[in-house]
Amino acid sequence: MKQALLFFLLFLCLGRLPAQLNATLRSNVDFGVAVNDIWGYAAPDGTEYALMGLDTGIAVISLADPDAATVVDVTSQPTSIWRDVKSYREFAYATADQGSYGLTVIDLRELPERISYQPFTYEVPGYTGTFARAHNLYIDTLQGLLFTAGGDRSINDGGVLIFDLKEDPGVPRLIAQGPAVYAHDVYVQDNLMYTSEIYKGEMAVYDISDLGNIRKLGATQTPYRFAHNAWSNQDGTVVYTTDEVANASVAAFDLSDYNDIKLLDEYRPLTSLNTRTIPHNVHFIDDYLSISYYSDGLRVVDASEPTNLVEVANYDTYDGPDGGFNGAWGAYPYLPSGLTLVSDRQSGLFVVEVDYQRAARLRGTVTNGNTGGALNGARVEILAEQANLTTADATGNYATGIATAGTYRVVASAEGFYPDTVTLTLVNGEEVSQDFTLSSRQTASLNLIVADRQTGQAVPGAIVDLLHPDANYSGLSDSAGLVAYDEVYDYRYTLVATAWGYQLTILEDVHPIEAANDTIFLDRGYEDTFVSDLGWTVSGNATRGVWERGVPEATYNIEGPGQPGEDSPWDFGNQGYFTDPVGGNSNSRDVDQGETQLRSPLFDLTDYGSGVLLTYDYWFSNLSGNAPPNDSLTVALSNGDTTHTLAVYRGAVTEWQRDTVVLDGLLPFTATMQLIVTTSDERGSDNLVEAAFDNFRVLDSLMLSPTRPVAAQRNVAQLFPNPTAGAFQLAYNLQGYGGGQVDVFSTTGQLVHRQRLNHQQGSLQFGQGWAPGLYVVRITSSGGQLLQSVKAIKR
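In mature numbering (1 follows the signal peptide of the UniProt record, and there is no 0), the protein residues as written are -19 to -1, 1 to 776.
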């Protein structure tokens, strides 16, 4: 995997959790078709059942033996991606948001042998159409009222319809209409109706004590303005919401004043931050939240303190990549046995036993030791196996917690401050108070020179970035190759230097005081991973989806992935060129109504010999839209006079691809070579078209980049063991050379490892996990002279 800049955003998270935490799988039923929502039912004889929505109907699954869940019966209905089901007395009720089956009543009285079912449609007063579909439903079992939401927009604008079940549960009777506002979902408790008005981006609360005079009490925008689902706590003082968009949160709102509904806290799974994961549905049970989080599976959160939501259990039902609409659709936690039922789009029913634990909580403040002021944005992390990270608010207050009690080190940090670490004992069900005071870091000015390794001459226009999780700096070399930084914090940085006509240079562990006045040598060549802007240009007549350099966000369509959720996995950085890097539905931002063209800066191949290779990574997705897919991604090379097509890609790929082209003999090499990458979706044949391009390199066969000439090779290092199947150990002695640098190249000339040697002598390791083959290890002095070259063999 590449060394991605995204690493710096996620640095303090300790990696992905195991597949489960405080949760055990009891059984799984895979239906062989896609599934959707889930509910449960406890029969009069005590037998528990799962009610599972399928794209083709409703399945009833016996949990008489939870370790061997068994399908009893399945309704057969027209296909619908969206289906919802709830239970009341000895009946279940289902809706679908495709087709015209209306409200389906399922008679459960003959279980465990069989079920029977009947669909109902309704004439709605004031409208000419018929109620025949809905997105969701909810049943207030105490009142015997059924509420549908998200129906046909031509009837009550898709707002809530209310049915009576008390009189005859087998024949629901339409008795009232809610507000004429599209509601994606609805929840009812104590004569209060909570609607998720998704297109308004609001959660609204209504008084329905008088169904003939439903009154709106208040509303609030949800954090991501796409309110999908809402569920209140037992006394109606707090409501929890989801937004069905990438990277969104589950939010807690204070309902003590309907005219001023306040956000209390937000929860996101820390193991998948910024990976486009999507929350779907949240349910409240005994001061816990049971959340279906699509590609993250089931997440259980302790909500006993709604201002500090802490994850205490999880079970990941989906083993695919993060992001998108695959994985857990629904989670039902209300069976008398305490089991949780999870519906996974791809893998069916999961029966999960959750070990509910109260969080071990931590709360306090983080302040500036120099001024006493609050440190807004300061990070506080409990160093534990469970990923944990929170930030202080504008008043310096923070709140966090963990699922497992114990004694932990806790670190507070902030940009420009030295971290503070304390050791605390955290106890389940209790909250510890701990304040932090941080001291300001030292700063220093830093001057660097960027030079050509072969000639030693200055390289103007080079971009030199200093990267650290807490602070980043960027500089541009002047005509003398000088890059000057003022007031650089004394972190240890990753230095990244780029310039057109040179290879990417990466130096680790660079300290501003130790590196003052150092020379950064660049190797000649053409390489661009798009970590910085080296001057590629975009043209064309497409109305949207034009090439753009950036960090990609995945796009999806019912047919499959559109745009990737990350750049090439084989280069440094997290950027590339994409046909609009913003995520979401492929339909909304793909290439449309013309072509978009990406052109490299000019490059000079007149000094290159034979065996010149062009390598690049690409992604292309061409899915059906209003016409069969007929588009392409084209890569061409121009020498200023002639243009030669190198490759044409059609169809769709679901992962990054690499291509290598031998350029010899295709067209004469000139000083005005240019790469041209084109994709299009022509007018009149609208398809879903997404493309990506990354990791551009031109290699002169197997030649390594030249170094400054030396009279003879020095014996300054020893490499052992060599050959090896594990890691190489390099012991070096650079006395008299003022430090140096080690570079390791593959036989294709690709730089695979680079490290500064800041000390006169020492040792280091590299190569663990590398592919078998031959590598060339070069050691150069601080002045850029080649001191020693060693062949390394990896078995």
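Backbone N, C-alpha and C define an ideal beta-carbon position, used for all residues, glycine too.
As the structure is a computational prediction, the values presented were derived from the model and not from experiment.
Problem set entry | For Gly308, three-class secondary structure by DSSP | The residue you call residue 308 lines up with position 327 of the sequence shown. For Gly308, the three-state secondary structure derived from DSSP is coil.
Problem set entry | Boundaries of the beta strand (DSSP E) in which Glu29 is found, first to last residue | Locating residue 29 in the sequence shown gives position 48, where the first residue counts as 1. For Glu29, the enclosing beta strand (DSSP E) stretches over residues Glu29 to Leu35.
For this session: Please go through the segment 115 to 190 and give each complete beta strand (DSSP E) segment of 3 or more residues, from N-terminal end onward.
Result: For the segment 115 to 190, whole beta strand (DSSP E) runs of length 3 or above, ordered along the chain, are 117 to 121, 126 to 130, 142 to 145, 154 to 158, 166 to 170, 173 to 178 and 183 to 188.
Problem set entry | Cβ distance (whole Å) where Ala77 is taken to contact Tyr22 below 8 Å | On the sequence shown, residue 77 is found 96 positions in, with the first residue counted as 1. On the sequence shown, residue 22 is found 41 positions in, with the first residue counted as 1. So it is not a contact: roughly 19 Å between Cβ atoms.
Exercise. Just how far apart, CA to CA, sit Asp149 and Val186?
Worked result: Start at 1 with the first residue of the sequence shown, and residue 149 comes out as number 168. Start at 1 with the first residue of the sequence shown, and residue 186 comes out as number 205. Roughly 28 Å separates the two Cα atoms.
Exercise. Would the segment 412 to 424 and the segment 347 to 360 be scored as touching if the rule is three or more Cβ pairs under 8 Å?
Worked result: Between the segment 412 to 424 and the segment 347 to 360 there are three or more inter-stretch CB-CB distances shorter than 8 Å, so the stretches are counted as touching.
Exercise. Who are the Cβ neighbours of Ala45 in its own chain at under 6 Å, not counting the five residues just before and after it?
Worked result: Translated into positions along the sequence shown, residue 45 becomes position 64. Counting only Cβ-Cβ distances below 6 Å, and skipping sequence neighbours, we find Thr28.
Exercise. What three-state label does DSSP hand Pro535 in the structure shown?
Worked result: Position 554 of the sequence shown, counting from 1, holds the residue named residue 535. According to the sequence shown, residue 535 is Ala rather than Pro. Here Ala535 sits in coil by DSSP.
Exercise. Are the CB atoms of Gly521 and Gly557 nearer to each other than 8 Å?
Worked result: Here residue 521 corresponds to residue number 540 of the sequence shown, with the count starting at 1. Here residue 557 corresponds to residue number 576 of the sequence shown, with the count starting at 1. Going by beta carbons, Gly521 and Gly557 fall outside the 8 Å limit.
Exercise. Are Val440 and Ala480 close, meaning C-beta to C-beta below 8 Å?
Worked result: Numbered from its first residue, the sequence shown carries residue 440 at position 459. Numbered from its first residue, the sequence shown carries residue 480 at position 499. In terms of Cβ geometry, Val440 and Ala480 form a close pair [threshold 8 Å].
Problem set entry | Cβ-based neighbour list, Arg737, same chain, cut-off 6 Å, excluding 5 preceding and 5 following | Taking the first residue of the sequence shown as position 1, residue 737 is located at position 756. Taken in chain order, the residues that qualify are Leu488 and Gln722.
Problem set entry | Runs of beta strand (DSSP E) lying entirely within the segment 416 to 469, each at least 3 residues, in chain order | Taken in chain order, the whole beta strand (DSSP E) runs of length 3 or more contained in the segment 416 to 469 are 417 to 419, 424 to 433, 444 to 448 and 454 to 457.
Problem set entry | DSSP three-state assignment for Ala49, whether helix, strand or coil | Within the sequence shown, the letter at position 68 stands for residue 49. Ala49 falls in the helix class under three-state DSSP.
Exercise. Out of Ser43, Asn620 and Thr615, which has the shortest C-alpha to C-alpha gap to Thr626?
Worked result: By 1-based counting over the sequence shown, the position of residue 626 is 645. For Thr626, the closest of Ser43, Asn620 and Thr615 by C-alpha to C-alpha distance is Thr615.
For this session: Give me the Cα-Cα distance between Asp297 and Arg326, rounded to the nearest whole angstrom.
Result: Taking the first residue of the sequence shown as position 1, residue 297 is located at position 316. Taking the first residue of the sequence shown as position 1, residue 326 is located at position 345. For Asp297 and Arg326, the distance between alpha carbons rounds to 13 Å.
Exercise. Smallest Cα separation from Ile143: which of Val10, Ile189 and Thr402?
Worked result: Here residue 143 corresponds to residue number 162 of the sequence shown, with the count starting at 1. Nearest of Val10, Ile189 and Thr402 to Ile143, Cα basis: Ile189.
Problem set entry | The beta strand (DSSP E) enclosing His492, as first and last residue numbers | The residue given as residue 492 occupies position 511 in the sequence shown. DSSP places His492 in no beta strand (DSSP E); its state is neither H nor E.
For this session: Consider the Cβ of Gly554: report whether some Cβ of chain C lies at a distance smaller than 8 Å.
Result: The chain inventory of the structure shown lacks chain C, comprising one protein chain alone.
Problem set entry | Terminal residues of the beta strand (DSSP E) in which Gly21 lies | Position 40 of the sequence shown, counted from the start, is the residue given in the question as residue 21. Counting along the chain, the beta strand (DSSP E) containing Gly21 begins and ends at Val16 to Ala23.
For this session: Please confirm if the segment 375 to 384 is in contact with the segment 311 to 331, defined as three or more CB-CB distances below 8 Å between the two stretches.
Result: With a cut-off of 8 Å, the segment 311 to 331 and the segment 375 to 384 do not count as touching, because too few Cβ pairs lie within range.
Problem set entry | Own chain residues within Cβ distance below 7 Å of Pro287, not counting five before or after | The residue you call residue 287 lines up with position 306 of the sequence shown. Cβ neighbours of Pro287 beyond the five flanking positions: Val219, Ala233, Leu245 and Asp246.
Exercise. If you pair each beta-carbon of the segment 695 to 707 with each one of the segment 746 to 762, do three or more pairs fall below 8 Å?
Worked result: A contact between stretches requires three or more CB pairs, one per stretch, nearer than 8 Å, and the segment 695 to 707 meets this requirement with the segment 746 to 762.
For this session: Note down, in chain order, each residue of its chain lying with its Cβ closer than 6 Å to the Cβ of Ala461, except the 5 sequence neighbours on either side.
Result: One-based indexing of the sequence shown puts residue 461 at position 480. So the qualifying residues of the chain are Ala439.
Exercise. Taking Asn262 as the reference, which of Ala211, Asn240 and Asn295 has the closest Cα?
Worked result: The count along the sequence shown starts at 1 and reaches residue 262 at position 281. When C-alpha distances from Asn262 are compared across Ala211, Asn240 and Asn295, the shortest belongs to Ala211.
Problem set entry | Cβ shell of Ser8 (< 7 Å), same chain only, five flanking positions each side left out | As a first step, residue 8 must be located in the sequence shown, where it is residue number 27. Cβ within range, chain order: Pro47, Asp48, Ala49, Ala50 and Val332.
Exercise. If we call anything under 8 Å between Cβ atoms a contact, is Gly120 one with Ala75?
Worked result: To locate residue 120, count along the sequence shown from 1; it is residue 139. To locate residue 75, count along the sequence shown from 1; it is residue 94. A quick correction: the sequence has Ile, not Gly, at residue 120. Result no, Cβ atoms of Ile120 and Ala75 do not sit closer than 8 Å.
Exercise. Considering only the beta carbon of each residue, do Thr660 and Ala672 sit closer than 8 Å?
Worked result: Numbered from 1 along the sequence shown, position 679 holds the residue referred to as residue 660. Numbered from 1 along the sequence shown, position 691 holds the residue referred to as residue 672. Yes. Within cutoff.
Exercise. What does a CB cutoff of less than 7 Å around Trp637 pick up in its chain, not counting 5 residues either side in sequence?
Worked result: Within the sequence shown, the letter at position 656 stands for residue 637. In its chain, beyond the 5 residues on either side, Pro545, Ser549, Pro550, Asp598 and Trp600 have a beta carbon closer than 7 Å to the beta carbon of Trp637.
Problem set entry | Leu370 - DSSP class collapsed to helix/strand/coil | To locate residue 370, count along the sequence shown from 1; it is residue 389. Coil.
Problem set entry | Range of the contiguous beta strand (DSSP E) that encloses His625 | The sequence position of residue 625 within the sequence shown is 644, counting from 1. His625: member of the beta strand (DSSP E) spanning Thr624 to Tyr630, first to last residue.
Exercise. Alpha carbon to alpha carbon, how far is Val293 from Gln1?
Worked result: The residue labelled residue 293 in the question sits at position 312 within the sequence shown. The residue labelled residue 1 in the question sits at position 20 within the sequence shown. Taken atom to atom, the span from the alpha-carbon of Val293 to that of Gln1 is near 10 Å.
Problem set entry | Reduced DSSP secondary structure (H/G/I, E/B, other) of Leu251 | The count along the sequence shown starts at 1 and reaches residue 251 at position 270. In this structure, Leu251 counts as helix in the three-state DSSP scheme.
For this session: State yes or no: is the C-beta of Gly278 within less than 8 Å of the C-beta of Asn295?
Result: On the sequence shown, residue 278 is found 297 positions in, with the first residue counted as 1. On the sequence shown, residue 295 is found 314 positions in, with the first residue counted as 1. Between Gly278 and Asn295, the C-beta gap is smaller than 8 Å, which places the two residues in contact.
For this session: Please confirm whether Gln202 and Glu183 have their CB atoms less than 8 Å apart.
Result: Here residue 202 refers to the residue found at position 221 of the sequence shown. Here residue 183 refers to the residue found at position 202 of the sequence shown. By the CB criterion at 8 Å, Gln202 and Glu183 fall inside the cutoff.
Problem set entry | Rounded distance between the beta-carbons of Thr587 and Arg639, thought under 8 Å | On the sequence shown, residue 639 is found 658 positions in, with the first residue counted as 1. On the sequence shown, residue 587 is found 606 positions in, with the first residue counted as 1. Contact between Arg639 and Thr587 does not hold, since their C-beta atoms are separated by about 27 Å, which reaches or exceeds 8 Å.
Problem set entry | Alpha-carbon spacing of Arg473 relative to Tyr466, whole angstroms | Looking up residue 473 in the sequence shown gives position 492. Looking up residue 466 in the sequence shown gives position 485. Approximately 15 Å, taken between the alpha carbons.
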